[in-house]
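Here is the structure we will look at.
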Amino acid sequence: MNAKILKLAIPSIASSITVPLVGMVDVAIAGRLGDAAFIGGIAIGAMLFDMLYWNLGFLRVGTAGLTAQAYGRRDFKGAMKALVQSMATALLSAAVVLLIQYPYVWGIFKFVKCSAEVEHYARMYFAVRVFAAPATLSLFALRGWFIGMQNTVSPMIIEFVVNGVNILVSIYLVFYAGMGVHGIALGTVIAQYAGLTCGLTLWTIYYRKLRKYIDWAACIKAKDIGRFFALNGNLFFRTLCMLLIYCGFEILAARYGDMVLAVSTIMMKLMLLYSYVVDGFAYAGEALCGRFIGAKDLVSLRRSVRLLMIWAVGIGVVSTFLYLLGGESLLGIMTSNQEVIAAAGVFLPWLLVMPTFSCIAFMWDGIFIGATAVQSLRNVMILAAIGFIIGYYATESFVGVHALWVGYTLHLLIRSVYMTAVARRKVFERAEG
Numbered sequence: 014m015n016a017k018i019l020k021l022a023i024p025s026i027a028s029s030i031t032v033p034l035v036g037m038v039d040v041a042i043a044g045r046l047g048d049a050a051f052i053g054g055i056a057i058g059a060m061l062f063d064m065l066y067w068n069l070g071f072l073r074v075g076t077a078g079l080t081a082q083a084y085g086r087r088d089f090k091g092a093m094k095a096l097v098q099s100m101a102t103a104l105l106s107a108a109v110v111l112l113i114q115y116p117y118v119w120g121i122f123k124f125v126k127c128s129a130e131v132e133h134y135a136r137m138y139f140a141v142r143v144f145a146a147p148a149t150l151s152l153f154a155l156r157g158w159f160i161g162m163q164n165t166v167s168p169m170i171i172e173f174v175v176n177g178v179n180i181l182v183s184i185y186l187v188f189y190a191g192m193g194v195h196g197i198a199l200g201t202v203i204a205q206y207a208g209l210t211c212g213l214t215l216w217t218i219y220y221r222k223l224r225k226y227i228d229w230a231a232c233i234k235a236k237d238i239g240r241f242f243a244l245n246g247n248l249f250f251r252t253l254c255m256l257l258i259y260c261g262f263e264i265l266a267a268r269y270g271d272m273v274l275a276v277s278t279i280m281m282k283l284m285l286l287y288s289y290v291v292d293g294f295a296y297a298g299e300a301l302c303g304r305f306i307g308a309k310d311l312v313s314l315r316r317s318v319r320l321l322m323i324w325a326v327g328i329g330v331v332s333t334f335l336y337l338l339g340g341e342s343l344l345g346i347m348t349s350n351q352e353v354i355a356a357a358g359v360f361l362p363w364l365l366v367m368p369t370f371s372c373i374a375f376m377w378d379g380i381f382i383g384a385t386a387v388q389s390l391r392n393v394m395i396l397a398a399i400g401f402i403i404g405y406y407a408t409e410s411f412v413g414v415h416a417l418w419v420g421y422t423l424h425l426l427i428r429s430v431y432m433t434a435v436a437r438r439k440v441f442e443r444a445e446g
């Protein structure tokens with residue numbers, strides 16, 4: 014079982030670790046353009062896309078769970094139906110994103126309070142990057158399908174292409190072509206279409222024989238479409254709650270000024286660096302747990318969950334020691350602005366807390382996704398969002414901006430406790446014959 018886990022997890026870790034690295038490169042490039050407003054502009058601009066794309070995260074999550082269970086049943090018609098429905102939804106969603114871009118940005122900045130400089134750079138970034146929407150959302154669906162088919166190597170290759178192109182092109186456009194913030198955004202657009210081209214090429218090479226299993230009538234049958242959107246509707250609502258937490262974190266941080274926003278952005282990037290390692294094992298959890306539930310193999314399901322949790326806790330412990338030893342050095346990599354580095358120093362202890370509180374929550378996410386236990390995922394995020402809000406407002410008068418991290422830590426604790434409590438009924442019973 015460990016061999017199966019590592020076969021899926023190692024490629025996922027290799028690809029996942031490049032995701033925060035690219036975000037860190039964007040912030041690092043912005044950090045060398047001048048003052049903290051550049052970092053804040055990229056942070057708010059990225060948040061605008063988080064609020065759009067995270068709501069559509071079901072294109073990956075739902076597709077992975079449905080495909081993994083179909084794979085466990087050896088139901089290739091079901092697997093192809095999940096891909097076709099997800100890709101069609103991705104393209105329709107991208108069209109909507111392009112249509113609503115102007116009123117969307119106008120409406121967001123009615124609520125997001127930041128300096129005029131930060132808003133200016135955020136708008137510049139958004140206006141260019143939005144044209145990557147068709148490629149970005151199609152890649153959501155394609156990655157989820159590959160994972161469900163027990164293939165994490167193809168998503169790894171896609172991520173290497175996307176992130177490699179993004180880093181190289183962004184550096185060239187910013188520092189050699191002198192395009193500034195526009196260059197960072199355009200690098201992302203070019204990278205997303207390069208990744209989509211890579212993904213479709215890999216699908217053609219390895220899975221073109223599965224085209225015969227496409228049942229177009231089943232794909233557009235009202236009952237099947239209804240099931241697809243019922244599943245993904247719960248995931249959509251779950252993502253709204255996640256947005257409330259992650260984007261709320263950025264919005265609240267912006268109220269404390271450009272310096273605190275820049276520091277909070279850097280700290281969150283550093284924290285997510287650890288989480289993407291755990292996500293590699295969570296992706297293995299999606300694939301294996303969905304497969305064993307589809308095959309009604311309760312013994313293998315229990316064994317895989319136990320080992321996945323051991324891996325998660327081990328990564329959490331190791332990450333805490335790495336942050337303890339190298340936290341200050343990581344700040345120097347993220348920005349050359351000494352004022353930002355000095356201001357971030359007081360927040361470094363939170364990096365030591367996060368792995369302990371988050372490793373179990375992140376691993377359960379993957380397991381519940383594989384089980385398509387979407388109602389539980391929705392419910393726990395509602396409670397977690399409430400916990401974040403209560404944690405922040407209950408402590409802000411005592412600890413100031415640190416209340417953001419209190420709320421964030423509380424939401425992770427709620428997720429870990431809730432999913433542990435309901436796992437037997439919502440995950441393991443689904444594998445009983």
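In this note's numbering, the protein residues as written are 14 to 446.
Note that beta-carbon positions come from the ideal geometry of N, C-alpha and C, so glycine has one too.
Being a predicted model, the structure only gives us computed values, none of them experimental.
If you compare alpha carbons, which of Y134, L215, W216 and L155 is closest to V194? The residue you call residue 194 lines up with position 181 of the sequence shown. Of the listed residues, the one whose Cα sits closest to V194 is Y134.
Span of the alpha helix (DSSP H), counted from its first residue to its last, around I180: In the sequence shown, counting from the first residue as 1, residue 180 sits at position 167. Per DSSP, I180 belongs to the alpha helix (DSSP H) from V166 to I184.
Grab me the residues of A83's own chain with a C-beta within less than 6 Å of its C-beta, minus the 5 sequence neighbours each way, in chain order. What you label residue 83 is simply residue 70 of the sequence shown in a count that begins at 1. Within the same chain, G91 and A92 come within 6 Å of A83 by CB-CB distance, once the 5 residues on both sides are set aside.
Cα separation between N245 and L150? Taking the sequence shown and counting its residues from 1, the one referred to as residue 245 is at position 232. Taking the sequence shown and counting its residues from 1, the one referred to as residue 150 is at position 137. So the two alpha carbons sit approximately 15 Å from each other.
When the Cβ atoms of the stretch 280-290 are set against those of the stretch 99-119, are three or more pairs found closer than 8 Å? For the pair of segments examined, the stretch 280-290 was found not to touch the stretch 99-119: the number of CB pairs separated by less than 8 Å stays below three.
Rounded Cβ spacing between R142 and T210 (contact assumed at less than 8 Å): Residue mapping note: residue 142 aligns to position 129 of the sequence shown, counting from 1. Residue mapping note: residue 210 aligns to position 197 of the sequence shown, counting from 1. Incorrect: roughly 18 Å between the Cβ atoms, too far for contact.
Measuring straight from C-alpha to C-alpha, what distance separates R441 and V187? In the sequence shown, counting from the first residue as 1, residue 441 sits at position 428. In the sequence shown, counting from the first residue as 1, residue 187 sits at position 174. Correcting the residue type first, residue 441 is Phe in the shown sequence and not Arg. So the alpha carbons of these two residues sit roughly 51 Å apart.
Taking Cβ to Cβ, would you say L321 is nearer than 8 Å to G298? Position 308 of the sequence shown, counting from 1, holds the residue named residue 321. Position 285 of the sequence shown, counting from 1, holds the residue named residue 298. Taking C-beta atoms as the reference points, L321 and G298 count as a pair closer than 8 Å.
Rounded separation between G70 and M272 - CA only: Counted from its first residue, the sequence shown places residue 70 at position 57. Counted from its first residue, the sequence shown places residue 272 at position 259. So the alpha carbons of these two residues sit roughly 30 Å apart.
In chain order, what residues of the same chain lie with their CB nearer than 6 Å to the CB of W324, ignoring the 5 residues before and after it? Within the sequence shown, residue 324 is the residue found at index 311, counting from 1. Excluding sequence neighbours, W324 sits near F294.
Please confirm whether G191 and C127 have their CB atoms less than 8 Å apart. The count along the sequence shown starts at 1 and reaches residue 191 at position 178. The count along the sequence shown starts at 1 and reaches residue 127 at position 114. Not in contact: G191 and C127 (Cβ atoms no closer than 8 Å).
Select from I113, S183 and I306 the residue whose C-alpha is nearest the C-alpha of A444. On the sequence shown, residue 444 is found 431 positions in, with the first residue counted as 1. The candidate whose alpha carbon is nearest that of A444 is I306.
Taking the alpha helix (DSSP H) that A356 belongs to, which residues open and close that run? Taking the first residue of the sequence shown as position 1, residue 356 is located at position 343. Counting along the chain, the unbroken alpha helix (DSSP H) around A356 starts and ends at Q351 to A357.
How far does the alpha helix (DSSP H) with L423 in it extend, from its first residue to its last? Position 410 of the sequence shown holds residue 423. That run of the alpha helix (DSSP H) goes A416 to K439.
Indicate the three-state DSSP secondary structure (helix, strand or coil) for Q82 in the structure shown. Taking the first residue of the sequence shown as 1, we reach residue 82 at position 69. Q82: helix per DSSP, three-state reduction.
So, helix, strand or coil for T385, using DSSP? For the purposes of this step, residue 385 is identified with residue 372 of the sequence shown, where counting begins at 1. Reduced to three states, the DSSP call for T385 is coil.
Using alpha carbons as the reference points, say which of V414, E409 and I403 lies closest to I427. As a position in the sequence shown, residue 427 is number 414, starting the count at 1. Ranking V414, E409 and I403 by Cα distance to I427 puts I403 first.
Taking three-plus beta-carbon pairs below 8 Å as touching, is the stretch 363-373 in contact with the stretch 209-229? The stretch 363-373, when compared against the stretch 209-229, does not touch it at the 8 Å Cβ threshold.
Counting pairs of beta carbons, one from the stretch 375-384 and one from the stretch 413-433, are three or more of them closer than 8 Å? The stretch 375-384 vs the stretch 413-433: in contact.
Whether or not the stretch 335-344 and the stretch 392-401 are in contact is what I'm after, with contact meaning three or more pairs of Cβ atoms, one per stretch, closer than 8 Å; do they touch? Because the criterion of three Cβ pairs below 8 Å is not met, the stretch 392-401 and the stretch 335-344 do not touch.
For A230 and K236, the rounded distance between their alpha carbons: Locating residue 236 in the sequence shown gives position 223, counting from the first residue. Locating residue 230 in the sequence shown gives position 217, counting from the first residue. The straight-line gap from Cα to Cα measures roughly 11 Å.
Quick check on M14: does DSSP put it in helix, strand or coil? As a working mapping, residue 14 is identified with position 1 in the sequence shown. Look at M14 here: in three-state DSSP terms it is coil, with no helix or strand label.
Rounding to the nearest angstrom, what Cα-Cα distance links C260 and V125 in this structure? Translated into the one-based positions of the sequence shown, residue 260 becomes position 247. Translated into the one-based positions of the sequence shown, residue 125 becomes position 112. For C260 and V125, the distance between alpha carbons rounds to 10 Å.
Span separating the alpha-carbon of L265 from that of L253: As a working note, residue 265 is residue 252 in the sequence shown. As a working note, residue 253 is residue 240 in the sequence shown. Counting only the Cα atoms, L253 lies some 17 Å from L265.
Measuring straight from C-alpha to C-alpha, what distance separates G400 and V419? Reading the sequence shown from its first residue, position 387 is the one you call residue 400. Reading the sequence shown from its first residue, position 406 is the one you call residue 419. Answer to the nearest angstrom: the Cα atoms are 10 Å apart.
Quick check on the burial criterion: 16 or more other C-beta atoms within 10 angstroms. Buried or exposed for G196? As a first step, residue 196 must be located in the sequence shown, where it is residue number 183. Its Cβ being crowded by 16 or more others within 10 Å, G196 is buried.
Helix, strand or coil at L244 [DSSP, three-state]: For the purposes of this step, residue 244 is taken as the residue at position 231 of the sequence shown. It is helical.
Can you give the Cα-Cα distance for N15 and R136, rounded to whole angstroms? By one-based count along the sequence shown, residue 15 stands at place 2. By one-based count along the sequence shown, residue 136 stands at place 123. If I take the Cα positions, the gap works out to 47 Å.
Could you spell out the range, first to last residue, of the alpha helix (DSSP H) harbouring K282? Here residue 282 refers to the residue found at position 269 when the sequence shown is read from its first residue. That run of the alpha helix (DSSP H) goes D271 to G307.
Hey, Q205 and A145: beta-carbon distance below 8 Å or not? What you label residue 205 is simply residue 192 of the sequence shown in a count that begins at 1. What you label residue 145 is simply residue 132 of the sequence shown in a count that begins at 1. Going by beta carbons, Q205 and A145 fall inside the 8 Å limit.
Given that a residue counts as buried once 16 or more other Cβ atoms are within 10 Å of its Cβ, and exposed if not, what is I171? As a position in the sequence shown, residue 171 is number 158, starting the count at 1. So I171 counts as buried.
I'd like the span of the alpha helix (DSSP H) that includes S128, first residue to last. As a position in the sequence shown, residue 128 is number 115, starting the count at 1. According to the DSSP assignment, S128 belongs to no alpha helix (DSSP H), since it is labelled neither H nor E.
If contacts are defined as beta-carbon pairs under 8 Å, then L256 and W216 qualify, I think. What distance do you get, rounded to the angstrom? Position 243 of the sequence shown, counted from the start, is the residue given in the question as residue 256. Position 203 of the sequence shown, counted from the start, is the residue given in the question as residue 216. Approximately 30 Å separates the beta-carbon atoms of L256 and W216; this is outside 8 Å, ruling out the contact.
Hey, could you find the ends of the alpha helix (DSSP H) F122 is sitting in? For this step, residue 122 is matched to residue 109 along the sequence shown. Membership of F122 in any alpha helix (DSSP H) is not indicated, and neither H nor E is assigned to it by DSSP.
List the endpoints of the continuous alpha helix (DSSP H) containing L69. On the sequence shown, position 56 is the one that residue 69 refers to. Neither: L69 is in no alpha helix (DSSP H) and is coded neither H nor E.
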